[in-house]
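In my numbering, the protein residues as written are 17 to 675. Idealized CB from N, CA, C, for every residue including glycine.
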């Protein structure tokens with residue numbers, strides 16, 4: 017073609033006898049070659065036989081009478097099987113010998129209806145013919161079926177644009193696609209045609225190529241829900257109740273364990289031996305304050321006990337507090353378990369609260385079909401004379417019958433197409449809901465982000481291919497449909513037309529936030545219960561062992577145990593007197609003496625002898641004087657406080673004046 021073009025240009029220049037040369041400036045448009053138009057006119061007049069055949073041009077400047085040979089590659093060479101001329105393909109006999117012709121295949125007439133994405137008009141700037149006029153899921157599926165069955169399909173739209181409904185039961189007259197199949201105008205009907213019992217009486221259906229069900233399409237509300245009690249959203253009601261019960265129960269356990277264990281009873285003023293009183297800081301108020309304070313991450317400091325105006329003023333001015341720290345092993349166990357419980361609860365609450373406050377929660381006026389039927393502000397409808405309309409009309413469920421009566425009383429809510437239903441849902445701004453198959457809703461919500469599906473499926477059904485009763489092709493179609501499903505071809509076609517071709521416009525909605533329940537936090541409550549039981553066991557063991565050690569000779573262990581248990585369970589006092597040993601045990605306690613070699617305890621068996629605590633003379637503090645060999649003896653009462661060496665040491669130091 018390049019050679020023919022150069023030859024035509026040369027011929028035109030030769031026929032143009034005279035012309036003047038002119039220098040041309042590439043950067044200026046002032047000077048132009050005056051013979052350009054003349055040469056174009058000469059080229060249009062040229063007609064010659066070239067390598068590519070006859071070369072000539074029409075009035076518009078396009079090549080006229082252009083012919084292309086159609087060849088096919090054989091084992092040895094290319095062989096002509098036809099030719100193309102003026103937009104028409106001319107086939108020779110060799111065409112049918114080398115290429116599998118669709119014209120030899122059986123022709124199956126298909127009737128369908130326009131409904132995105134099953135069947136749509138093809139978008140093209142050229143005029144299309146035959147099956148090329150349409151595209152969609154059904155068109156691609158029929159191509160795949162044709163490959164298996166070695167048949168060709170002729171797709172045409174149904175004349176009345178409906179799916180098919182019984183018009184006259186006496187004459188069995190149907191309209192829509194079902195009617196065309198019954199009248200012989202089409203061999204099969206392929207679309208989003210629902211399989212139901214009424215249609216099964218008139219035609220046969222193949223195995224369903226897609227499963228679906230009736231659902232509701234509705235416009236997303238745009239207002240944000242606000243609540244005064246949003247801070248309670250992270251936990252469910254059951255968790256809040258269990259948390260409150262845990263606070264009360266652990267506080268009571270802490271209180272009773274603190275009273276049981278003797279290690280929480282201590283002398284608040286060990287230097288004042290004339291006030292032999294033990295005090296327990298694990299009273300009811302402090303126990304609750306310790307548990308609540310640690311849960312609120314604020315510690316468990318408590319104000320000191322105020323015994324005078326001076327101490328009150330001093331505590332107010334200096335804001336003095338002291339830490340409420342457990343002393344016994346049992347109370348420390350329950351404190352540690354509660355701290356662990358608090359760590360998990362507070363962390364879970366904080367994380368879930370942040371998510372609840374940042375994610376917008378849009379309220380829907382209804383969440384299922386029951387709530388939609390009970391209200392009166394929002395109207396609802398479906399496709400007129402479609403399978404969904406028949407579902408409500410023939411339903412035995414009172415709720416669906418009520419909704420069918422509403423649609424009959426308000427015929428304006430019934431639409432003639434799904435597209436009209438979608439448009440009305442958008443325009444009504446939350447005042448209209450439309451029932452349609454979930455497959456179509458899924459396609460719409462992939463492209464219209466302001467629409468969504470509300471509730472689940474009202475029923476379960478499928479789309480099938482309709483054939484005449486007893487048609488042999490029905491079994492073949494069902495077999496191929498099953499193969500396409502097993503190999504995943506139908507799923508690939510659905511993904512292509514639902515998600516890839518125009519889908520994915522809307523960002524996938526985040527997973528709805530759910531409050532944490534016992535399924536999420538039950539384990540930490542179990543740990544808390546186990547820890548509380550362990551603390552109780554330790555507290556009881558400490559109580560039994562300490563009571564056994566401090567038993568006097570004048571009483572028995574069961575008597576002391578009963579007396580201590582009554583005192584602990586009375587829950588009336590947080591102080592008690594020091595328990596002294598009997599005079600017999602005191603008389604057996606040796607007197608302590610302080611000599612030049614230090615403190616010594618001489619032995620003695622005289623019951624009438626009063627215990628002596630010997631001290632050095634006053635000159636022992638004078639470094640300039642030698643120690644007196646004869647110690648000065650001071651008589652003081654000796655007390656043994658619950659067998660505690662540390663407390664005896666404190667009292668001795670106070671008596672001796674040792675700081």
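Euclidean distance between Cα positions of residue i and residue j
{"i": "residue 561", "j": "residue 279", "result": "11 Å"}
{"i": "residue 157", "j": "residue 168", "result": "12 Å"}
{"i": "residue 497", "j": "residue 210", "result": "16 Å"}
{"i": "residue 271", "j": "residue 385", "result": "54 Å"}
{"i": "residue 485", "j": "residue 155", "result": "24 Å"}
{"i": "residue 19", "j": "residue 69", "result": "12 Å"}
{"i": "residue 380", "j": "residue 237", "result": "7 Å"}
{"i": "residue 480", "j": "residue 228", "result": "11 Å"}
{"i": "residue 203", "j": "residue 126", "result": "6 Å"}
{"i": "residue 266", "j": "residue 362", "result": "17 Å"}
{"i": "residue 128", "j": "residue 161", "result": "16 Å"}
{"i": "residue 543", "j": "residue 353", "result": "8 Å"}
{"i": "residue 440", "j": "residue 423", "result": "15 Å"}
{"i": "residue 443", "j": "residue 434", "result": "14 Å"}
{"i": "residue 170", "j": "residue 54", "result": "52 Å"}
{"i": "residue 535", "j": "residue 136", "result": "49 Å"}
{"i": "residue 522", "j": "residue 462", "result": "6 Å"}
{"i": "residue 427", "j": "residue 123", "result": "41 Å"}
{"i": "residue 300", "j": "residue 255", "result": "25 Å"}
{"i": "residue 22", "j": "residue 146", "result": "41 Å"}
{"i": "residue 74", "j": "residue 60", "result": "7 Å"}
{"i": "residue 680", "j": "residue 511", "result": "With the chain represented from 17 up to 675, any question about residue 680 goes unanswered, as that position is not in the structure."}
{"i": "residue 628", "j": "residue 294", "result": "A caution first: residue 628 carries a pLDDT of 39, below 50, which makes its placement in the model unreliable, though a value can still be read off. For residue 628 and residue 294, the distance between alpha carbons rounds to 26 Å."}
{"i": "residue 344", "j": "residue 262", "result": "22 Å"}
{"i": "residue 100", "j": "residue 159", "result": "26 Å"}
{"i": "residue 174", "j": "residue 491", "result": "24 Å"}
{"i": "residue 382", "j": "residue 548", "result": "46 Å"}
Contacting residues, own chain, Cβ-Cβ under 6 Å from residue i (five flanking each side not counted)
{"i": "residue 133", "result": "152, 153, 459 and 513"}
{"i": "residue 63", "result": "72"}
{"i": "residue 369", "result": "250"}
{"i": "residue 398", "result": "404, 405 and 451"}
{"i": "residue 140", "result": "none"}
{"i": "residue 27", "result": "62"}
Sequence-distant residues of the same chain with beta carbon closer than 8 Å to residue i, five excluded per side
{"i": "residue 445", "result": "235"}
{"i": "residue 14", "result": "Because the chain here runs from 17 to 675, residue 14 falls outside it and cannot be looked at."}
{"i": "residue 231", "result": "451, 452, 453, 454, 457, 469, 470, 471, 472, 473 and 474"}
{"i": "residue 373", "result": "246"}
{"i": "residue 411", "result": "417 and 420"}
{"i": "residue 431", "result": "397, 398, 399, 400, 437, 440 and 450"}
Cβ neighbour criterion (16 or more within 10 Å) applied to residue i
{"i": "residue 264", "result": "exposed"}
{"i": "residue 81", "result": "exposed"}
{"i": "residue 366", "result": "exposed"}
{"i": "residue 465", "result": "exposed"}
{"i": "residue 84", "result": "exposed"}
{"i": "residue 438", "result": "buried"}
{"i": "residue 17", "result": "exposed"}
{"i": "residue 371", "result": "exposed"}
{"i": "residue 281", "result": "buried"}
{"i": "residue 24", "result": "buried"}
{"i": "residue 312", "result": "exposed"}
{"i": "residue 296", "result": "buried"}
{"i": "residue 298", "result": "buried"}
{"i": "residue 105", "result": "exposed"}
{"i": "residue 225", "result": "buried"}
For residue i: DSSP bridge partner residues
{"i": "residue 184", "result": "189"}
{"i": "residue 74", "result": "DSSP, once it has assigned bridges, lists no residue as partnering residue 74."}
{"i": "residue 251", "result": "532"}
{"i": "residue 123", "result": "168"}
{"i": "residue 230", "result": "453"}
{"i": "residue 16", "result": "As shown, the chain starts at 17 and ends at 675. That puts residue 16 outside it, with no answer to give."}
{"i": "residue 79", "result": "73"}
Residues of its chain near residue i, where Cβ-Cβ distance is below 7 Å and the 5 sequence neighbours each way are ignored
{"i": "residue 194", "result": "180, 205, 215, 218, 219 and 482"}
{"i": "residue 346", "result": "273, 277, 551, 554, 555 and 558"}
{"i": "residue 148", "result": "138"}
{"i": "residue 30", "result": "none"}
{"i": "residue 177", "result": "129"}
{"i": "residue 416", "result": "408"}
{"i": "residue 304", "result": "267"}
May I have a chain-ordered list of the alpha helix (DSSP H) segments no shorter than 4 residues that lie completely inside the region 125-184? Look at the region 125-184 and you find these whole runs of alpha helix (DSSP H), each 4 residues long or longer: 153-165.
Length at least 4, wholly inside the region 454-483: the alpha helix (DSSP H) runs in chain order: Along the length of the region 454-483, whole alpha helix (DSSP H) runs at least 4 residues long occupy 454-461, reported in chain order.
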